[in-house]
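Everything on this sheet refers to the single structure shown next.
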Amino acid sequence: MEMKDLIQIEIPKLALFVPELIVLITGFVLFSLDLIYKRLSHTLAISISVIGYTLALLYLIFNFDLRGETFYGLYVRDSFSSLLQVFMILLTIILLAFTLQYQRFKRSLYGEFYYLLAFSLLGGMVLASSYNLLLIYIALEAVSVSFYILTALQRGDFTSKEGAFKYLILGGLAIALASYGAVFLYIYAGSFDLRHVLHFNAPDKSFLILGLVFFLFGLAIKIGVVPFHFWLPDAYQGAPTPITAYMSSVGKIAFFAPVLRVMPLVQESFHNTWVLAVGTLAVITFLYGNFVALVQKDVKRMLAYSSIAHSGYILAGVSVASAIGLKAVIYFLLAYSIMGMLGFLVLAVLERSGNWENKLEDFDGLKHSQGFMAWVFAIALLSLLGVPPTVGFLAKALVFMSLAYGKLWWIGILMIVGIGVSTGYYLRLIVLMFMKEGERRAIANPTGFEKASMVLMAASLLILGILPMLLWNYISPTSEMLFRR
Amino acid sequence: MELVPAVFPFIPLSIVLPLLGMVLIVFLEEKFAKWIALVFSGAVFVLSLVSLLYFDFSQAQKVQFYQSITLIKELNLSLSFGADGLSYLMYILTTLVSFVAICWSIRDHQINHRLKEYYAWFLLTESALVGVFTSWDMLVFYVFYELTLVPMFFVIGIWGYKLRLYSAYKFFVYIFVSSLFLLLGIVSIAVEHYRQFGKFSFSYFDLLQNQYGLAFGLFLFLLFFIAFAVKTPIVPFHTWLPDAHGEAPTAGSVVLAAILLKMGTYALLRFNIGLFPKIAVFLMPVLVLWGIASIIFASWFTISQSNVKRFVAYSSVSHMGFVVAGMFLLNKEGLRASIMEMFAHGLTSASLFMMAGFIYNRLHSFNMQALRGSIRFMPVFAVLTAITGFSSMGLPGGSSFWGKFLTIMGAKEYTLQLALLVLAGAFFSVLYMLYLLKTLYLDVKEEGRLVHFTDVRGFKLVAFLLVVVPMLMVGLLPFLFFAFFDAHIDFLLAMISKSLEGGLWK
C-alpha cells in the first residue's frame, strides 16, 4: 500500500454539518456577548439563540434527506441523526419561551445559561450523529460539563449544589468508564468506529464484551439506569426547573442516541447476553423508578423518578435487539421527550404562584385557581401514564409489541406491574388538581409565549397519539436503515 | 367475515357528533351545556334508530356500514368501523342509555356544579362507547376501551357521593391495570399473525385466521380474560364495582352498569371465544361453573347490603354471572341467553339505578331502612319500579326471563345437574329482588317520617320510559332481538366446530 492511499486527504463536506456549525456560532456569539457586557440582556440572548436555532432547524428540515459521512467517517448524517436533531432543536426553542419569566422570578439564570445551552445542544447533536467512540466521548463530555454547570446555576440554593456535585462525581465516573470501554474496544478491533468494532469477528471476544460493558455502563450512568441513578433525582430536583425539563428531554435523547446506534449492531454471538443484561437492567429501572416515585412528596422529584422509570421502559425496548424494537424505542424516546419536558415546564410556570413549593398539597384544587395549567398538566400526566389516545399510550403499546416479538414475556408482565404502580402517583396528582379544594394563592399567569408553547406540546401529545403515522413514517425507514448497516 | 361497505357514515358520525357537542360545550356558556348535550346525544340516538332502516337483518352475520382508513400500513393499523348484528345491538343500547343518562342529569339535584365538564365528559363517554362496540381494529378497540375510563373517573371523582375519591381511584386502577394485560395480549396476537402470515396486523378479520398451540393459546386467552373478567366483573374480581357504582352520581352509575359492564362481556364473546375458540372449548367447564358461582356469591352479597345503590350494584354482578355462564356454554341457547341478558340487564340496571337516585332525591338516603314503604305515595313511579323489579327478577314476560330461561335450556343440553345449578343461581337472584320490592312496597312507613313525595315527571319520566318500554319489548317480543344476533351465533358456532375438526388437540 502506498503512502498516498494511507493518508487520503478528505475535504470536509460542509453541507453535512451546517446545523452544528450554526449552533456552535450561536454559542460563541452568546459567549462573547456575555464577556463584553456585564449584564447581558436576557431578551437579547434569547432572541439570538432563537434565531440561531431556528436557522439550524430550517436548514435541517429543508435538507432532511441529506445523507453522507465526513471527517473520515467520524461524522455521519443519516435520517436517524436528522430526526433526533430536529427534535432536540425544536425542544430547545420551546424551552427558551419559558426562561425569561423564570429568570425574572427566580433570578437564577445568568448569561452563561444561554451559551451552555448552545454547547450542550451541540454536544447532543454530535452524539446523535456519530459512530466513532472518540467523538462520542467528546460529545458526551460537552453535554455533561454543560449540564453540571447548568444544574448548579441556582446559586445560594443548597439542593442545587448538592445535585450538581453528585452529578459531577458520578458523571465523571461515567466518562471514565466509557473511555475505558472505548480503549478495550480499540484493543479488540483496532478501530474506534463502532460499526467496525461490532462487525469485527475475532475468535476471542472477551475484550469486545468487556469494552461494551464498560462503555454502556458509562452511558447507563448518564441516562440514569437504576443501580447508577443516584445523581439523577438530586440533580433534577436541584436544577432550575427549565433546565430539569431540558435535561429530561434533550439530554435523554442525546444520551440514548449512542445506545440506539449500538443496538442494531448486536451480533448473533452475544445476542442472548444482551437481551438478558439489558432486559434485567430495564426491569430493575422501571420497577425501582415507579415504586420510589410513589412515595415522593415533592412533585419535581416525583417526575424525576418517573423519568427514571421511563428510561426503564425505553431500555425494555432496547433489549429486543430487532428492527421493531428500535422503532418502538425511537417512538418512545421522542414521545417521552415531549411529555417529560411538558411536565417539568408546567412546574416551571407554576413555581411563580404564591407560596409554591412543588409539594403535593400545593396542587390541591389547581383546577379552580389555574384551570389552564391544570388541564395541560393533566394531559402530560395522562400521557406519561399511557392512557389513550395520547402518544404515551402508543409508545407503550409499541414497546409491548416489541417485547412480544422478542418473546420476552417476563419483561412484559413486569412492565405491567411497573405501569400499574405508576398509576398511583400520576392519578394522585390528577385527583388533587381536579377533585380537591385548595387554599387561595397568587396565580402564575403564564405569558402568551408560554401558553402557546404549552398548548402546542399538549396538542402534539394528542395528535401524535391519534395520528401515529406522522412520526412513524419517519421512524420506520430510519430503523430499517440502521439495521442494514 | 364478510364486509358490507357503508352507504352512509352512520357510525363515524355517531362517534364524531358527541365530540362536536363536547367542543361546543367547552366553548359556549355554562347555561347551554345541558341542552347541547341533550340535543347531541338525542341526535345520535335518532341517528342510530334511522340506521335501523338500512341494516340488512337477513345478513346480520356480515359486518355492515363498514368503513376503514389506514393509519400505519406497515402494522396494518387502521380506523375501521362497522357493525354486525351483535355490535349493532350494543350500539343501539349505547346511544339509548347515553341519551337516558343525559335526560336524567338535566333534572338531577346532585349535578349542580361544573356543568360544562360534566356534560362534556358524558359526551366523550358516549363517543368512546360507540367506538368500543363498532371498531374492528384491535388496537383502536383498546384505545376506545381505555378512553371510557377517563371521563368516568372524573364523573365519579367530582360528582360522586361521600367516598367518591376512593372509589374513583379504585375504579381507575383496577380497570387500567387489568387492561394492560389486554394490551399485551393484543400486540402478542398481532405479532403472532406476523409469525404465521408474514405481516403484522391488528385487524380482527386477519387475526381470526391465527392458530395457536395449547400452552401459548392458553396464555393469550388468560391475558384477554384477566382484563374482561375484571371489567365484567366475575366474582373474585368484582370489588371495584360496588364502590364505583355506589358512589357515582346516578347518571354515572347508569352508564357504568348499563354499558361499561357490557364492554367486558361483549369483548369476552367477541375476542375470547371468537379468537380462541379451541381454548374456550377447553376451558368451558371451568368458566361455566365460575359463572354460576359468580351468580350465587353475588346474590348473597346483594342480600346483605343496606345501601340500596350498592344493592343494585351487586345485583349487576350476579346478572353478569348469567351472561358469562351462558356464553361459555357455547351452544345456541347459551349464547342467545348471554346476549339477551346483556341487553336486558343494560335496561334493568339503568332503571334500577335511576330508581335509587330518584328515591335519594326525595329522602336523601340510600339506606334500605329509610326507604321502607316509601314508594306507595308515587303511583307512576311505583308501577315503573315494579315492572323493572319483576323484569330483573326474570319473571316470564320480564326482560331478564329470556336470559335466565335460555341459560337453563342451554345447560340442560349438557346435563340436568348443570341446569339445576343454574336454576339455583336464578333462585337466589329472585330472592334479593323480592326482598328489595318488599322493602319498597310492603313495609310500613314509620310515623312522623312522612314527607311530601312528588311523583316522577318531566325529563325523568321520559328517561324511565325510554328504558322501561324496551324492557317490555325484550320480555314480550324476544324474536325481534334474536334477529339481531342469531346469525352471528350461527357463525360463531360454525367457527367453533370448524376449529375442532380433527379433535381438540391435533
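Here the protein sequences come in this chain order: W and X.
For reference, each letter of the first sequence is one residue, going 201 to 685 in the numbering used here.
For reference, each letter of the second sequence is one residue, going 30 to 535 in the numbering used here.
Virtual Cβ for every residue (Gly too), placed ideally from N, Cα, C.
Original post:
Whose Cβ in chain W lies nearer than 7 Å to the Cβ of X:S217?
Top reply: A604
**OP:** Given a cut-off of 8 Å, decide if W:G517 and W:V599 are closer than it, judged by their beta-carbon atoms.
**Re:** yes
Original post:
Can you name the residues that DSSP bridges to X:Y95?
Top reply: X:P34
Original post:
Should W:A640 be labelled buried (16 or more other beta-carbon atoms within 10 Å of its own) or exposed?
Top reply: Sequence inspection shows Arg at residue 640 of chain W; the Ala mentioned does not correspond to that position. By the neighbour-count rule (16 or more Cβ atoms within 10 Å), W:R640 is not buried but exposed.
Original post:
Helix, strand or coil: which one does DSSP assign to X:R224?
Top reply: helix
**OP:** Name, please, each residue of chain W whose Cβ falls closer than 9 Å to the Cβ of X:G186.
**Re:** I630, V631, F634 and M635
Subject >> N- and C-terminal bounds of the alpha helix (DSSP H) containing X:T124 >> reply: G114 to I135
Original post:
Closest to W:L143 by CA distance: which of W:L321, W:R277 and W:S282 is it?
Top reply: Outside the shown range of chain W (201 to 685) lies residue 143 of chain W, about which nothing can therefore be said.
Subject >> Distance, W:S449 Cα to W:P375 Cα >> reply: Contrary to the premise, residue 375 of chain W reads as Ile rather than Pro in this sequence. Rounded to the nearest angstrom, the two C-alpha atoms are 20 Å apart.
Original post:
When you compare only the Cα positions, how much space is there between W:R239 and W:S346?
Top reply: 21 Å
**OP:** Check whether the Cβ atoms of X:T294 and X:V353 sit closer than 8 Å, and answer yes or no.
**Re:** yes
Original post:
What span of residues does the beta strand (DSSP E) with W:Y275 cover, start to end?
Top reply: Y275 to R277
Original post:
Are the stretch 244 to 262 of chain W and the stretch 494 to 509 of chain W in contact at 8 Å, needing three or more beta carbon pairs?
Top reply: no
Original post:
In chain order, what residues of the same chain lie with their CB nearer than 6 Å to the CB of W:R501, ignoring the 5 residues before and after it?
Top reply: P433 and Q437
**OP:** Please check if any C-beta of chain X sits within less than 8 Å of the C-beta of W:T623.
**Re:** yes
Original post:
Who are the Cβ neighbours of X:A112 in its own chain at under 8 Å, not counting the five residues just before and after it?
Top reply: I40, F84, V92, Q93, F94, Y120, F162 and T163
Subject >> X:E58 at chain W interface by Cβ criterion, 8 Å >> reply: No, no contact with chain W.
Original post:
For the stretch 190 to 214 of chain X, which residues have a CB atom closer than 8 Å to at least one CB atom of chain W, in sequence order?
Top reply: R193, L194, A197, Y198, F201, V202, F205, V206, L209, F210, L212 and L213
**OP:** Using a Cβ cut-off of 8 Å (strictly closer), state whether W:L335 contacts chain X.
**Re:** no
**OP:** Would you be able to state if there are at least three C-beta pairs under 8 Å between the stretch 274 to 286 of chain W and the stretch 339 to 357 of chain W?
**Re:** With a cut-off of 8 Å, the stretch 274 to 286 of chain W and the stretch 339 to 357 of chain W do not count as touching, because too few Cβ pairs lie within range.
Original post:
Nearest-angstrom Cα distance between X:G375 and X:L122?
Top reply: 7 Å
**OP:** Excluding the 5 residues preceding and the 5 following W:V621 in the sequence, name in chain order all residues of the same chain whose CB lies nearer than 7 Å to its CB.
**Re:** N490, F491 and L494
Original post:
Who are W:K559's beta bridge partners in DSSP?
Top reply: Its beta-bridge partners are W:D498.
Subject >> Check whether X:A459 and X:T436 have beta carbons under 8 Å apart >> reply: At residue 459 of chain X the sequence reads Val, which differs from the Ala that was named. No, these two residues do not count as a Cβ contact at 8 Å.
Subject >> Where the stretch 223 to 255 of chain W meets chain X: residues whose CB sits under 8 Å from a CB there >> reply: none
Original post:
If you draw a straight line from the alpha carbon of X:F229 to that of X:A327, how long is it in whole angstroms?
Top reply: 41 Å
Original post:
Taking Cβ-Cβ distances shorter than 8 Å, what residues in chain W pair up with X:V172?
Top reply: P588, P589 and F593
Original post:
Among all the DSSP beta bridges, which residues are the ones paired with X:L108?
Top reply: X:I98
Original post:
the stretch 273 to 299 of chain X: which residues have C-beta closer than 9 Å to a C-beta of chain W, in chain order?
Top reply: none
**OP:** Ignore the nearest five residues each way along the sequence and tell me which others in X:Y174's own chain have a CB closer than 7 Å to its CB.
**Re:** V161, S208 and M292
Original post:
Of the choices X:T279, X:Q90, X:L400 and X:V317, whose alpha-carbon is the least far from that of X:S335?
Top reply: X:L400
Subject >> Residue environment, W:A652, which counts as buried when at least 16 other CB atoms sit within 10 Å >> reply: The residue is exposed, with fewer than 16 neighbouring Cβ atoms inside 10 Å.
Original post:
Helix, strand or coil: which one does DSSP assign to X:E442?
Top reply: coil
**OP:** Tell me, please, whether the stretch 151 to 160 of chain X touches the stretch 65 to 83 of chain X by the rule of three or more beta-carbon pairs shorter than 8 Å.
**Re:** yes
**OP:** Tell me, please, which residues DSSP counts as bridged to W:G268.
**Re:** The partner list for W:G268 (beta bridge, DSSP) reads W:R277.
Original post:
What does a CB cutoff of less than 6 Å around X:I302 pick up in its chain, not counting 5 residues either side in sequence?
Top reply: Excluding sequence neighbours, X:I302 sits near A309.
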